[in-house]
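Written below as structure tokens is the structure these notes are about.
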Amino acid sequence: MRTGDPRTSRRRRRWALTAALAALAVVMVFPIYWMAVTAFTPGGQSQSQEPYLWPTESTTQNFTEVFTEQPVWQWLGNSLFIAGLGTALSVCVSLGAGYALAKFRFWGRGVIYASFLVTIMMPIQVTLVPAFLIVARMGLVDSPWAVILPTLFDVVGIFIARQYMLGLPDALLEAARLDGAGEFKTFMKVVLPTCGPLVGVLVILGFMTRWNDFLWPLVVLQGNENLTVPVGLSTLTNNPAFSSPWGAVMAVATVTVLPLLAVFLIFQRQFVQGIANTGIK
Numbered sequence: 136m137r138t139g140d141p142r143t144s145r146r147r148r149r150w151a152l153t154a155a156l157a158a159l160a161v162v163m164v165f166p167i168y169w170m171a172v173t174a175f176t177p178g179g180q181s182q183s184q185e186p187y188l189w190p191t192e193s194t195t196q197n198f199t200e201v202f203t204e205q206p207v208w209q210w211l212g213n214s215l216f217i218a219g220l221g222t223a224l225s226v227c228v229s230l231g232a233g234y235a236l237a238k239f240r241f242w243g244r245g246v247i248y249a250s251f252l253v254t255i256m257m258p259i260q261v262t263l264v265p266a267f268l269i270v271a272r273m274g275l276v277d278s279p280w281a282v283i284l285p286t287l288f289d290v291v292g293i294f295i296a297r298q299y300m301l302g303l304p305d306a307l308l309e310a311a312r313l314d315g316a317g318e319f320k321t322f323m324k325v326v327l328p329t330c331g332p333l334v335g336v337l338v339i340l341g342f343m344t345r346w347n348d349f350l351w352p353l354v355v356l357q358g359n360e361n362l363t364v365p366v367g368l369s370t371l372t373n374n375p376a377f378s379s380p381w382g383a384v385m386a387v388a389t390v391t392v393l394p395l396l397a398v399f400l401i402f403q404r405q406f407v408q409g410i411a412n413t414g415i416k
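Each residue of the sequence shown is one higher than the last, beginning at 136 in my numbering.
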């Protein structure tokens with residue numbers, strides 16, 4: 136019995152896979168599309184029960200109202216400062232800690248690393264009150280540093296950095312030391328130039344986590360002008376100053392997605408390569 140052409144079979148499977156991935160992409164992208172559509176929809180239509188895929192008359196009123204009535208630009212600036220500086224400092228801490236745990240031999244290394252991993256399983260609610268008391272005694276409440284400092288020690292980032300640096304050959308480090316390079320110079324001149332993919336992973340994950348963080352900034356930030364974007368968005372849903380509260384929320388949300396997209400587009404190649412190199416599936 137004659138079988139079919141294997142090339143035709145492969146072509147059909149490829150088209151079927153492409154169609155399935157395209158359908159999945161539509162499902163994943165649709166919430167972002169609906170967010171943008173709602174942002175440009177007039178208040179009456181956005182609150183109606185009739186389904187629609189595009190407003191009958193698009194408008195920028197939601198953007199005008201919310202950016203005029205609320206300090207949205209200040210919220211965006213606060214979030215950029217906290218997420219940008221916090222990510223930069225956290226990446227430095229993760230690189231240093233990951234290098235020490237991967238390449239140095241010292242007493243208690245396994246216990247220290249295990250204790251780090253245990254903290255991943257602890258919910259933030261357990262440490263919320265002690266962390267707030269420490270921040271309050273330092274006089275940092277309602278300050279960006281109250282959000283930045285407690286998040287510098289990123290256990291997930293340290294874990295990823297250690298896994299990546301375990302793959303660096305010890306012979307390369309020994310060669311640098313034999314040439315007279317100290318530990319700091321070895322790290323800066325030999326280890327760090329090979330960590331481009333790792334830095335991409337840490338930057339994307341760290342920036343995304345800090346940009347979307349809600350609970351801790353809600354606790355330590357009090358003044359309306361000192362809020363971050365996620366906390367500021369929560370104040371808009373019941374605000375009577377807007378003709379369409381959900382339109383105002385979606386207008387701000389549409390703008391706040393742009394920095395995340397920019398960071399991901401800049402570091403996407405390093406992110407994919409870094410995830411592959413760390414062996415995380």
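We treat Cβ as the ideally placed atom computed from N, Cα and C, and that holds for glycine.
Inset, instruction - For the alpha helix (DSSP H) containing Arg-297, list its first residue and its last residue. - result: 290 to 300
Inset, instruction - Return the first residue and the last residue of the alpha helix (DSSP H) that Glu-309 is part of. - result: Run containing Glu-309: 305 to 313, per the alpha helix (DSSP H) assignment.
Inset, instruction - Specify the secondary structure class of Ala-174 as computed by DSSP and reduced to three states. - result: helix
Inset, instruction - Can you tell me the Cβ-Cβ gap for Thr-222 and Val-338, rounded? I've got them flagged as a contact below 8 angstroms. - result: 6 angstroms
Inset, instruction - Return the CA-CA distance between Leu-308 and Leu-230, expressed in angstroms with no decimal places. - result: 16 angstroms
Inset, instruction - Evaluate the contact criterion for the stretch 241 to 254 versus the stretch 312 to 331: three or more CB pairs, one atom per stretch, below 8 angstroms. - result: no
Inset, instruction - Give the secondary structure of Ala-316 by DSSP, where H, G and I count as helix, E and B as strand, and everything else as coil. - result: coil
Legend entry - Span of the alpha helix (DSSP H) around Asn-213: 207 to 238
Legend entry - Start and end residues, alpha helix (DSSP H) containing Phe-267: 259 to 272
Inset, instruction - Look at the alpha carbon of Leu-224 and the alpha carbon of Ala-154, and state the distance between them as a whole number of angstroms. - result: 43 angstroms
Legend entry - Closest residue to Phe-349 among Arg-312, Ile-217 and Gly-315 (Cα-Cα distance): Ile-217
Inset, instruction - Could you check what DSSP says for Trp-189 in three-state terms: helix, strand or coil? - result: coil
Legend entry - Reference Val-253, options Val-291, Ser-369, Ala-306 and Gly-331, closest by Cα: Val-291
Inset, instruction - Can you tell me which of the three DSSP states Leu-327 falls into? - result: helix
Legend entry - CA-to-CA distance, Leu-152 to Arg-146, given in whole angstroms: Roughly 10 angstroms separates the two Cα atoms.
Inset, instruction - Pick out whichever of Pro-304, Val-364, Ala-271 and Val-282 has its Cα sitting closest to the Cα of Leu-220. - result: Val-282
Legend entry - Buried or exposed by the 16-neighbour rule on C-beta atoms within 10 Å, applied to Ile-255: exposed
Inset, instruction - For Cys-227, count neighbouring Cβ atoms within 10 angstroms of its own Cβ and tell me buried if that reaches 16, exposed if not. - result: exposed
Inset, instruction - Measure the C-alpha to C-alpha separation of Ala-109 and Val-366 and round it to an integer number of angstroms. - result: This structure cannot settle anything about residue 109, because the visible part of the chain is limited to 136 through 416.
Legend entry - Residue range of the unbroken alpha helix (DSSP H) whose run includes Phe-349: Unbroken run through Phe-349: none, as it is neither H nor E.
Inset, instruction - Look at the Cβ atom of Ser-214, then the Cβ atom of Thr-363, and state whether they are nearer than 8 angstroms. - result: Contact annotation: Ser-214 and Thr-363 have beta-carbon atoms nearer than 8 angstroms.
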